[in-house]
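Numbering (the UniProt record's numbering), first residue to last: 1 to 334.
Everything on this sheet refers to the single structure shown next.
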């Protein structure tokens, strides 16, 4: 077990970590370590942050998102624009025909595909998968049966192509209903809040959530899913890949904005790709997805902190998105 306490001093992120057996059953602590900013984002390129040559020669940073209807257009926008702000070259949104013109109106920088409710949705998205380095599933999705069937097919196609997947919001509801969709897929990251985590735990572990042991609860859920990385969002974010546990207690703010979870999932999609590209040899023994999740949690909290310093009680997620660049620089580049 690795427990990490994260703080910032002079703009540098760090965390202390203690390791115990991954089963959680051991009594002794085997050692202590530091999770430094150099470990969190080892692959974040300098100068042109969105561009790094990939093994296939591609230079694009593409993040795809699966979304639903016009009443849920804010969530996909925040996730997609956050990916761009972190350093993605391009950000695609796959949504319904009804939602597409609304999302397009928010920003000319997003590539919007109105295909999610079409009979050929799986094929329409699948043809883009070779160009996508990560897929974010769930913000604004909703629970329409037809859309969820399409998303199930898209998740299966993504796994077949080894595309990393970040799953949030109603995507987590789908996973709670059908855990086999991501069972054992270790390029998946789940980002549940308290209620979503409880639902997942009860669905997968068949037991009520143990609120007295948050680290153990996240560890056990990850293990039961085949070492899928799980980020339990809360007052302190707890992250596990079934082998290690990190806790992010980076200072945020007393304001909880609707939509900041979408900022987290969008930025995480980019950081997952960077961390996997760097490989475990550059993440100091931590799994790349664990490090990426820790970095995204730290970044989201820092954005909240900086936005609140400027706007106080009127802070919104739009204000947080505006802080992504400065917050990233403060945490990881100063």
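Built from N, CA and C at the ideal position, the CB exists for glycine as well.
Item                                                                                                                        : Value
Proximity winner among 318, 212, 167 and 241, relative to residue 256 (alpha-carbon distances)                              : 318
4 or more residues per run - each alpha helix (DSSP H) lying fully within the region 193-263                                : 194-205 and 214-224
Closest residue to residue 225 among 237, 235, 234 and 203 (Cα-Cα distance)                                                 : 203
Three-way DSSP call (helix, strand, coil) for residue 311 in this model                                                     : helix
Whole-Å CB distance - residue 296 paired with residue 271, under 8 angstroms assumed                                        : 5 angstroms
Residue 232 versus 73, 287, 167 and 305, residue with shortest Cα-Cα distance                                               : 167
First through last residue of the alpha helix (DSSP H) which encompasses residue 189                                        : No alpha helix (DSSP H) contains residue 189, which is instead part of the beta strand (DSSP E) from 188-190.
Enclosing beta strand (DSSP E) for residue 122 [first to last residue]                                                      : Premise fails: residue 122 lies in the alpha helix (DSSP H), 121-126, not in any beta strand (DSSP E).
C-beta contact flag for residue 137 and residue 171 at 8 angstroms                                                          : yes
The region 77-94 / the region 260-277 touching (three or more Cβ pairs under 8 angstroms)                                   : yes
Sequence-distant residues of the same chain with beta carbon closer than 8 angstroms to residue 227, five excluded per side : 184, 186, 241, 242 and 243
Residues near residue 56 in its chain [Cβ-Cβ closer than 6 angstroms; skip 5 each side]                                     : Residue placement at residue 56 is flagged as unreliable, the pLDDT there being 41, under the threshold of 50; a coordinate-derived value is accordingly withheld.
Nearest-angstrom beta carbon gap, residue 305 and residue 254 [assumed within contact, 8 angstroms]                         : Actually they do not touch by this definition, with Cβ atoms about 10 angstroms apart.
Residue 261 classed as buried or exposed, judged by whether at least 16 other C-beta atoms fall within 10 angstroms         : buried
Close beta carbons around residue 159, own chain, < 6 angstroms, minus the five adjacent residues each side                 : 185
Residue 273 vs residue 134 beta-carbon contact at 8 angstroms                                                               : yes
Residue 139 vs residue 169 beta-carbon contact at 8 angstroms                                                               : yes
Sequence-distant residues of the same chain with beta carbon closer than 7 angstroms to residue 290, five excluded per side : 229, 239, 241, 244 and 246
Candidates 217, 214, 125 and 277, of which the one nearest residue 151 by Cα                                                : 125
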